[in-house]
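As they're listed, the protein sequences go chains A and B. Going left to right, the first sequence walks through residues 1 to 425 as the numbering used here numbers them. Going left to right, the second sequence walks through residues 1001 to 1346 as the numbering used here numbers them. Cβ atoms here follow ideal geometry from the backbone N, Cα and C, with glycine treated the same way. Just so you know, these numbers come straight off a predicted model, no measurement behind them. The structure appears right after this line, and notes come after that.
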Amino acid sequence: MSEAQTEKKDLGQAILKEIIPPPEEEAHKKSFWKSISIPALAILTGLLIGALMIAATSSTVWAAFGESIWRGFGTAFKEIGTAYQALFTGALGDPVRIVRALGSGDAKEIRSALNPFLESLVQSTPYIFTGLAVAVGFRSGLFNIGVEGQLFIGAAAATYVGYSITGLPAFIHMPLALLAGALGGAFWAFIPGYLKAKTGGHEVINTIMMNWIAFRLTEWLLSGPMSRPGSGGMPLSPLIQKSAEIPQFFQAPIRFHLGFIIALAVAWLIHWLLFKTTWGLNLRTVGTNPRAAKYAGLSTTKSIITAMLISGALAGTAGAVQILAVNRSMALGLSSGYGFDSIALALIGNNTPLGVILASLLFGTLRNGATRMMVVSAIPIDIVDVIQAIILMFVAAPAIIRAIYHLKKPKKEETTIFVSGWGGK
Amino acid sequence: MNKRVITLLSLLIVVGMLLAACGTTATEAPAAKIKVCQITDTGGIDDKSFNATAWKGIEDAITQLGIEGKYLESKEVADYEKNLNAFVEEKCDLIVTVGFLIGDATKATAEANPDIKFSIVDYAYDPAVPNIVGQVFNTDEAAFLAGYLAAGVTKTGKVGTFGGLPIPTVTIFMDGFAKGVAKYNEVKGTNVEVLGWDPANPDSGLFSMSFDDQQKGRELAVSLMDEGADIIMPVAGPVGLGAAAAIKERGNAYLIGVDSDWFLTSPEYADITLTSVMKLMDATTMQVIKSVIDGTFQGGVSVGTLANNGVALAPLHNLESLASAELLAEIEQLKADIIAGTLSVK
Chain A
1 MSEAQTEKKD LGQAILKEII PPPEEEAHKK SFWKSISIPA LAILTGLLIG
51 ALMIAATSST VWAAFGESIW RGFGTAFKEI GTAYQALFTG ALGDPVRIVR
101 ALGSGDAKEI RSALNPFLES LVQSTPYIFT GLAVAVGFRS GLFNIGVEGQ
151 LFIGAAAATY VGYSITGLPA FIHMPLALLA GALGGAFWAF IPGYLKAKTG
201 GHEVINTIMM NWIAFRLTEW LLSGPMSRPG SGGMPLSPLI QKSAEIPQFF
251 QAPIRFHLGF IIALAVAWLI HWLLFKTTWG LNLRTVGTNP RAAKYAGLST
301 TKSIITAMLI SGALAGTAGA VQILAVNRSM ALGLSSGYGF DSIALALIGN
351 NTPLGVILAS LLFGTLRNGA TRMMVVSAIP IDIVDVIQAI ILMFVAAPAI
401 IRAIYHLKKP KKEETTIFVS GWGGK
Chain B
1001 MNKRVITLLS LLIVVGMLLA ACGTTATEAP AAKIKVCQIT DTGGIDDKSF
1051 NATAWKGIED AITQLGIEGK YLESKEVADY EKNLNAFVEE KCDLIVTVGF
1101 LIGDATKATA EANPDIKFSI VDYAYDPAVP NIVGQVFNTD EAAFLAGYLA
1151 AGVTKTGKVG TFGGLPIPTV TIFMDGFAKG VAKYNEVKGT NVEVLGWDPA
1201 NPDSGLFSMS FDDQQKGREL AVSLMDEGAD IIMPVAGPVG LGAAAAIKER
1251 GNAYLIGVDS DWFLTSPEYA DITLTSVMKL MDATTMQVIK SVIDGTFQGG
1301 VSVGTLANNG VALAPLHNLE SLASAELLAE IEQLKADIIA GTLSVK
C-alpha cells in the first residue's frame, strides 16, 4: 500500500504525524454538514432506487402501464407512496395515531401507537454493539470478520449463566450474565488475535474460520449439554431465569429495554477510550501505521491482542443483550447476520462511535419499518437488504454520489481507514 | 444544477406522498372477510417444507373461501415476537405460526391477546391454550400404508428405515412403517424383515442423530443396503437426501420419502422414489381456517389423518409398475379401513 512507501521516505514525519494528537475532532465539528452530506445523499439515493424497484417488481404497476402511461405512473407513485408511508409509520409511528392515542388516554392504545419508534431502537441495539466491535477492529488495523461467531459464543455464555444459576438477586445475576457474554466473545476473539500477534496468522482468515467453529459448537451445545428438557433434540436452550433478564421498561407490545441505554453508554466509553486516552492513541497509531508505531516504541503485539479482546467483548455483549433482553432463550436463529451487516455499518459510520450509533439507528429503523411495509403492501422484507446494500455502495464510493449531485471534492484527503495486512504484515 | 436536482427530487417525493395519501383513504373499505396471517420460522416462506405447505393452505383458502391472507418472514428469533405483534396490530382473525421454535412466542402472544385465534403447525401445548390450535399429524396411518407397500414390493425380503433423532414426531413414522410390514406378513404369510426399527424395542433403533448431516444419511443407507434392504425410508429431513444419493449410486434399491412428495420436491431422485409419506399441513391449516369461519374454532389440537387428508401416501408416479394391481387395491382397502376406524395402526 502507499502507506508503506511514504513511511520509508518520510519516517520521522510519519511518526510525528501519528504521535501528535490529530486535529480530527475539531475538523469534524467544523465540517459537520460536509461530513454527513455523503451518507445523507447515499441514503436518499438508496431510497429512490428502492422506490424504482418497488414499482418495477409490482404486477399492478405493470398492469396499469398496459392501460396507459399516465395511469402507470399514477399507480407506480401510489404503490411507492403506500410502501414508504408504511415504512415510515412502521419505523417511527403514525403521528395522527399518536396524537389520537394520547388524547384518548387509553394505556394500551398509547403503547401500541408509540411502539414503532421504540421498536426501532430495539432493532438498532445489536447493530450498535456489533458495529462498535468492527469499528474498534478497523481503528486498530484489524479486520474482524468474526463478530458473528463471537456474538454466538457470547450469547451461549450469557444463556448458560442466565439459566443455570438460580437464587441470585437480579442486580447481580443480570450483570453477571452480561459479563459472561462479553468474556465469551472476548475469548473467541482472543484466539485469532493471539495468532495474529504472535504468529502473523491472518486475522481475516482465522476469524472467518472461528465463525464456523462457533456455529457448530453452539449447535452442539444447544442440542446437547444446553438443550431444553423436552425439546426432543431440537436446538433450543431453557428459558433464562427472571433474575437474569435485562428489564424491558414497558408492557407488551413495547420491547424497549435497558440494553439500548447500555449500548449508548458503551459507545461513549469506546469513544473515550479511542480518542481521549493515550492507550487509544497508541491503538490508532498501530492501526494506521504499524511500522511507524513499532519504531516509536509501541508494542503492536499488545495492541492487536487488546483490540481483539475489546472487539470480541463488544460482539459477545451484542449476543448476550439479545438473549437477556429480547429472546430469553437461545436458538440457532439468534442473529440475522449482525456480525456481517456491522462491517458495512462501521464503514457508513466512518468507524466512529457516534457514526456507528447513527448508522445502527438507520439500519434498525429500516428493518423495523420493513415489517409494516410487508404487512401493508406485501413487499418482501428483502427490499430493505437491497436498499441497505445500495446505500453502502454509495458510501463506499463517494465519487459516485459527488458525480450525481455535483458536489465539490473535499480539499483534504478523506478520512479513510487503512486495514493493514491484506498483503504483507 | 445541484439545486435543480434537489428541487426535482423533493417535488417527486411530495407528489408521491400526495398520491399515497389519496390512495390510502380510498382503500379503507369495510372488510367482512376474515384475515389469516402466517408467520414463518427462519426457513422462510419458500422453504419447500412446513412453511411453504402451511402457506399453501392459506392460499387455497384465499381462492376457495375468499379470505384475506398475509405472511411475514422471520429472519431471526427476535422477529417472532415482533411479527406476532405486527399481526396483532393488524387485527388478524387467525395467526398461523410454524414449528417448535416459535412455540414460546406464540404462547406468550396468545395469552396476552385472548380475543385473537392462533394455530401452530407441528406443535401442541400441554396443557392446551384456549385460543391456540396445535396441528399434529397421525403420520403412522400413512406410514402404515407405505410399510405394506414396501413389503409387497421388496425382492430381498428386507426393508429398512432410520430416523434423525429418537423423538416422537420421527418414531411415529417408523412405528407405522414397521406395523404396515407386519400386517403384510400376517396377511400373506411372508417374513419380510424391517431393519433399523423394532416397535417392541425402541432402544435398538437406527438414528443419524442429526437433521442435516447428509454424509451420515449416506453411511446409514449403505449399511442398510449391505444388510440386504432394497427399500429404505429415511425419516430425517435433508439427511434423507444423503441416503437417496447412496441408493441412486447402488442402483438396485428404492427410497420412500417423508413429509412431502419427494418425486416432486427432489426430482433428481424421482426414478428411485417409490412413494412418500406426506404430512399435509395445508389441509390441516385449511381446516382450522374453516373452523374460524363457521365459529367452531376451539383451542387444543387438530389431528391430521388419512380421513381429513392431513396425512397421505403419495402416488407411485413412474414406479407404479413395481407394484401389482392387487397390491395397490389392497392398500386402497387398508386406507378405507383405517378411515372407517375398523383397522388400528397403533
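- Residue contact with chain B for Asn327(A): present (Cβ-Cβ distance below 8 Å to some residue of chain B).
- Within the stretch 1072-1143 of chain B, complete alpha helix (DSSP H) segments of at least 4 residues are found at 1077-1089 and 1103-1112, given in chain order.
- Per DSSP, Leu102(A) is one residue of the alpha helix (DSSP H) stretching across Pro95 to Ser104.
- Setting aside the 5 residues that flank it on each side, Ile381(A) is surrounded in the same chain by Ala370 and Met374, each with a C-beta closer than 6 Å to its C-beta; the list follows chain order.
- For a Cβ distance threshold of 7 Å, nothing in chain A lies close to Asp1213(B): the least Cβ distance comes to about 11 Å.
- When rounded, the separation of the alpha-carbon atoms in Leu358(A) and Phe1050(B) is 38 Å.
- Two segments are said to touch when three or more pairs of C-beta atoms, one from each, lie closer than 8 Å; by this definition the stretch 1254-1261 of chain B touches the stretch 1271-1287 of chain B.
- If you draw a straight line from the Cα of Thr1097(B) to the Cα of Gly185(A), it comes to about 32 Å.
- Counted as a single uninterrupted DSSP element, the alpha helix (DSSP H) harbouring Asp1060(B) occupies residues Phe1050 to Leu1065.
- Contact between Ala113(A) and Gly90(A) fails: their C-beta atoms lie close to 12 Å from each other, not under 8 Å.
- At a cut-off of 8 Å between C-beta atoms, Ile381(A) counts as an interface residue with respect to chain B.
- Lys1158(B) is a Cβ neighbour of Glu1193(B), given a cutoff of 8 Å.
- Residue range Gly1300 to Gly1304 is occupied by the beta strand (DSSP E) that includes Ser1302(B).
- Asn1085(B) has a beta carbon lying within less than 8 Å of a beta carbon in chain A.
- Following the DSSP letters along the chain, one finds Phe1162(B) inside the beta strand (DSSP E) bounded by residues Lys1158 to Gly1163.
- Residues of the same chain with a CB within less than 6 Å of the CB of Ile208(A), apart from the 5 flanking positions on each side, are Ile145 in chain order.
- Ranked by how close their Cα comes to the Cα of Thr352(A), the residues Phe152(A), Ala267(A), Val326(A) and Gly337(A) have Ala267(A) in first place.
- Beyond the five residues adjoining it in sequence on each side, Leu1101(B) comes within less than 6 Å, by CB distance, of Asp1041 in the same chain, given in chain order.
- Taking the beta carbon of Ala1078(B) as reference, the chain A residues within 7 Å of it are Gln322, Val326 and Asn327, listed in sequence order.
- At least one CB of chain A lies nearer than 8 Å to the CB of Ala1112(B).
- Scanning the stretch 1243-1271 of chain B from its first residue to its last, the whole alpha helix (DSSP H) runs of 4-plus residues come out as 1262-1265.
- Rounded to whole angstroms, the Cβ separation of Gly46(A) and Ser311(A) is 28 Å, and the two are not in contact under 8 Å.
- For Leu1274(B), the enclosing beta strand (DSSP E) begins and ends at Thr1273 to Lys1279.
- Here Met234(A) carries a coil assignment [DSSP, helix/strand/coil].
- DSSP places Glu1330(B) in no beta strand (DSSP E) but in the uninterrupted alpha helix (DSSP H) bounded by Ala1325 to Ala1340.
- Closer than 8 Å to the CB of Val1121(B) there is not a single CB belonging to chain A.
- A residue is called buried when at least 16 other Cβ atoms come within 10 angstroms of its Cβ; Ile69(A) does not meet this threshold and is exposed.
- Straight-line measurement puts the Cα of Leu183(A) at about 21 Å from the Cα of Trp279(A).
- Note: Pro1234(B) is bridge-paired with Phe1162(B) in the DSSP secondary-structure output.
- In this structure Ala157(A) is not in contact with Met330(A), their Cβ atoms being roughly 10 Å apart against a cut-off of 8 Å.
- Counting only the Cα atoms, Arg1218(B) lies some 7 Å from Ala1245(B).
- Pairwise C-beta distances place the stretch 334-354 of chain A in contact with the stretch 311-323 of chain A, as three or more of them are shorter than 8 Å.
- Contact check for Met1174(B) against Trp1197(B) passes: the beta carbons are separated by less than 8 Å.
- Note on Leu1094(B): 16 or more other CB atoms within 10 angstroms of its CB, so buried under the neighbour-count rule.
- For Gly333(A), the nearest CB of chain B lies under 8 Å from its own CB, placing it at the interface with that chain.
- At least 8 Å separates the beta-carbon of Thr130(A) from that of Gly349(A).
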